[in-house]
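J.: This is the structure I want to talk about, given as structure tokens.
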Amino acid sequence: MDLFSDMRSHRQPATLAKHYDAVTFDFLSMLWRRRLLIFLVTCATMLLTALYLMVTPPRYTADLVLQFDFTREDNGGGGKTSSVALDASTLVESEARIIRSLATARAVASRLGLDKNTPTPPSSFSSLFAGAAELIFPSAVRNTLHNLIGVGGGSAEPTQRDIAAQRLLASLAVSNDTKAYLVTLSYRDPDPDRAALIVNAFGNEYLRRKMEATTSASQRSSQWYGQQAQEARANLARIEKEIEAFRVRTGFVELGQDGADIQQQQLRDMLTQLNTVSATRLAEETRLQRAQVSLAAGNIPQTSDLGSSPVVQQLLDEEGKARRALDEMVAVSGERHPAVQRLRLSLSAVQERLQKQLAQSVANIETDVQAARAAEAALRERVAALQTKSIEARGLEGQLRTLQAEATAARDRLKQLSDAHQQASAVSELRPIIAQIVSPADVPSLPSSAKPSLVLGLAMVGGLMAGAGLSYLLEKRDRGYRSENEFAAETRTNCVGLLPNLDHYPGGLESLVFAEAVRSMVAELFPPSNPPKFVLITSSAPGEGKSFVASAMARVLAMMGQRVLVIDGSPRRLLLGQNFPHEALLDQCLPQVGCPGTSPVATVRRASGLRDSQNVYSNPAFEAMLREARARYDVILFEVAPVLLSADSALLREHADTVLHVVRWNDTLKSTVSATLDHLGKLGLDVAGVVLNGVDLEEQGRYDVSDRGKVYRNYKSFYQASA
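Going by my numbering, the sequence shown opens with residue 49, and the numbers climb by one from there.
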């Protein structure tokens, strides 16, 4: 259910200025209409605030200021150096947390004797809630709830000291200034002497606990350094014994710096030679591989690969000369000349010699490769021997140097621990405190509570805002339509009638207003040309007043000389024994025409329930009745059950000429009415208009709407003169 549908789908104003003027006027009108509610909310807020000020005594605040000094005198240079490695502002915040800790509050409560006072009885609200919980929930359920939410249910009750400490912390405020390293302690209490006493007790307790903590820490440090120094001495003695035992066992004589350098230089020279020989061997293998590949491909190896052999070069020249001579002879004498055959034999001989010489050169290269490999292997053996000797010597020397390094480290550690032990022993009794009280708390003479006038002023402003907000929410509830103009703006449906509520005004001018409103509605709904004959009267919810509207319309139509048939299709109304008290009201403003027996208004009432709707409206007898009614009557007013709650409207849509929808003023939800009208449109029914029934004209005037209701109120004299 949308309770705030009135906040959407407003009509677009002509201009922006008019829009804001309308919004402002509506808001001010709403405040004026709800002025009594706003006044009551404001008075209640101020009354509660005044009661709170009366029962709450004035509170006094006492302040104490601590200053921290994170520097110490430097004995060597005479200046000051920082004694902390962390940020000093972080340490100030940490010290402020220590001051506001539960342990400090417990110590203050014990020192002032607050834990020996009689405990304060619980408040009336706490006692009331506790008693109600004991009456409603059994003990097992209460224990289970305590365990789930993590409160209560413990085996030990809170001590009086803890209660007093929690009360002290509730009134204590600790703030710090990280730039000036200041911590301010403030305590609020109705008694100014007590406030100063407690805040000074917190400052002194913090300094005392800080001094005890630093002294005990220095003593623990001195003891720890002494123990570590003894362990360092024992460790140094053990290492020196191991060094002597190693020298006796291995007979190793430590080499000087020169001996170690000569041995290393020999190893480096051998490694250099090995690298050179390896490079030579790789070059020879590469040259051999290129020569073999060239020969396998039928080519002549490069001169650099053959070692610049003069014989090969000479044979290559001879081959070239023989090939050129052969080509010239073939060109001159032809292929069959004897000289050509001799030149070919000569060329073949030269080529055979060249191949033999190339094979010999490759064999020479292979010999060079073997020699390089043998030289490399010999150097590798010598390097391995030198490395073995060097490793053995270095191993013994490394072991000895390791033992000597351990002995040196043990001596340095022993010296450091001895110095630290002496320093800790010297400062254990004279450790400076980094905080001091620069401004002890004095007894305050003026209360720190807010002024009553200021509190009452704020309460009044808050009450006005709360009343305005509550009024806005009440105004924006979807309580229904309040004026006929809202239908055209939100549902695009014409409102053909606005009927006053006769229940509040059974006699008087409202009767005349009602009669004229019904006549106006009938005149608008039944035009002279082609008036509807079958009018389906619908509603969105039960109790909208369809029967009342149908009876009033029937009487007006009868006065106009029309024969009217009213069909009451509300299910089981007759069986439930419901009467129609509105008939007596209508007799006062719209008396029936003629005698009761000869009245032109006939009424047919349904006697079945919803289960029989299909059988009733699909029955041939019902069809025959409607045909006969159309022939005998000029107008048929058919009242059906609510549209969204029943299918009667859908079953009767083929018979209806038009639809008249009845809406209860300021009662039926707008969302329900909109959904009903949309559903009627989907069924293909033509809604001729909407009737706003049961309008309270006096209450409607509070909403400042402009419609026929406003005209009815403003011109009552017209009806008085016509009465």
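Glycine included, C-beta positions come from ideal geometry on N, C-alpha and C.
Here's the rule: buried if 16 or more other CB atoms are within 10 angstroms of the residue's CB, otherwise exposed. What is Leu217?
T.: The residue is buried, with at least 16 neighbouring Cβ atoms inside 10 Å.
J.: Tell me where the alpha helix (DSSP H) around Val688 begins and ends.
T.: In the DSSP assignment, Val688 falls outside any alpha helix (DSSP H), carrying neither H nor E.
J.: Would you be able to state if there are at least three C-beta pairs under 8 angstroms between the region 491-507 and the region 665-680?
T.: The region 665-680 vs the region 491-507: no contact.
J.: Go to Tyr68, then tell me how far its alpha helix (DSSP H) extends in each direction, as first and last residue.
T.: Leu64 to Arg81
J.: Just to confirm the assignment, what range does the beta strand (DSSP E) spanning Gln235 have?
T.: Residue identity check: residue 235 is Tyr in the sequence provided, not Gln. Residues Leu230 to Asp237.
J.: Using the rule of at least 16 other Cβ atoms within 10 Å of the residue's Cβ for burial, across every protein chain shown, is Trp80 buried or exposed?
T.: exposed
J.: CB-CB under 7 angstroms to Val735, same chain, minus the five flanking residues each way: which ones, in chain order?
T.: Thr541, Val707, His709, Leu725 and Leu728
J.: Inspect the CB distances between the region 606-619 and the region 650-662 and report whether three or more fall short of 8 angstroms.
T.: yes
J.: Would you mind giving the Cβ-Cβ distance between Val691 and Thr586, rounded to the nearest angstrom? I have them listed as a contact below 8 angstroms.
T.: 5 angstroms
J.: Would you mind giving the Cβ-Cβ distance between Ala370 and Leu391, rounded to the nearest angstrom? I have them listed as a contact below 8 angstroms.
T.: That pair is a contact at about 7 angstroms.
J.: Within 10 angstroms of the Cβ of Asp365, are there 16 or more other Cβ atoms? Answer buried if so, exposed if not.
T.: exposed
J.: Assign Asn667 to one of two classes, buried (16 or more other C-beta atoms within 10 Å of its C-beta) or exposed (fewer than that).
T.: exposed
J.: In angstroms with no decimal places, state the Cα-to-Cα distance between Ser599 and Gln640.
T.: 10 angstroms
J.: Thinking C-alpha only, which one of Arg82, Leu64 and Thr72 is nearest Leu521?
T.: Of Arg82, Leu64 and Thr72, the smallest CA-CA separation from Leu521 is found for Arg82.
J.: Can you tell me whether Phe73 is buried or exposed? The criterion is at least 16 other CB atoms within 10 Å of its CB, across all chains shown.
T.: exposed
J.: Please report the straight-line C-alpha distance between Arg145 and His67, rounded to a whole angstrom.
T.: Going from the Cα of Arg145 to the Cα of His67 covers about 57 angstroms.
J.: Taking Cβ to Cβ, would you say Arg756 is nearer than 8 angstroms to Leu733?
T.: no
J.: Tell me the residue span of the alpha helix (DSSP H) that contains His709.
T.: It is not in any alpha helix (DSSP H) - His709 instead sits in the beta strand (DSSP E) that spans Thr706 to Arg712.
J.: Can you name the residues that DSSP bridges to Gly737?
T.: Leu708
J.: Any contact between the region 461-471 and the region 274-291? By contact I mean 3 or more CB pairs, one from each, below 8 angstroms.
T.: yes
J.: Per DSSP, which residues does Arg653 bridge with? Please list them.
T.: Asp616
J.: Mind checking whether the beta-carbon of Leu451 lies closer than 7 angstroms to any heavy atom of the ligand NAP?
T.: Looking for the ligand NAP in the displayed structure turns up nothing, as the structure carries no ligands at all.
J.: Tell me the DSSP secondary structure of Gly742 in three-state form.
T.: strand
J.: Please list the terminal residues of the continuous alpha helix (DSSP H) segment that includes Thr104.
T.: No alpha helix (DSSP H) holds Thr104; DSSP gives it neither H nor E.
J.: Check whether the region 422-440 and the region 312-324 are in contact - that is, three or more C-beta pairs closer than 8 angstroms.
T.: yes
J.: Contact between the region 712-721 and the region 570-589: three or more CB pairs below 8 angstroms?
T.: yes
J.: Between Thr90, Thr720 and Ala483, which has its C-alpha nearest Val509's C-alpha?
T.: Thr90
J.: Once DSSP output is grouped into helix, strand and coil, what is the label at Asn123?
T.: Bear in mind that a pLDDT of 46 at Asn123, under 50, signals an unreliable position, so the model cannot answer this.
J.: Less than 6 angstroms between C-beta atoms, sequence neighbours within five positions excluded: which residues of the same chain meet that for Ala153?
T.: Exclusion of the five residues before and after Ala153 leaves Ala213, Leu216 and Leu217 as the residues of its chain whose Cβ lies within less than 6 angstroms of its Cβ.
J.: Whole angstroms are fine: how far does the CA of Ala92 sit from the CA of Ala483?
T.: Taking the CA atoms as reference points, Ala483 sits about 51 angstroms from Ala92.
J.: So, with DSSP's three-state summary, where would you put Gly593?
T.: Gly593 falls in the coil class under three-state DSSP.
J.: Identify whether Tyr763 lies in helix, strand or coil by the three-state DSSP scheme.
T.: coil
J.: Have a look at Val566, Glu534, Gly528 and Val688 and flag the residue whose alpha-carbon is nearest the alpha-carbon of Leu546.
T.: Per the C-alpha coordinates, the member of Val566, Glu534, Gly528 and Val688 positioned closest to Leu546 is Val566.
J.: Just to confirm, is the Cβ distance from Ala280 to Leu462 under 8 angstroms?
T.: Yes; because the gap between Cβ atoms is below 8 angstroms, this pair is in contact.
J.: Report the residue from Leu255, Glu671, Met673 and Gly657 whose alpha carbon sits nearest the alpha carbon of Ala695.
T.: Gly657
J.: Can you tell me which of the three DSSP states Leu114 falls into?
T.: strand
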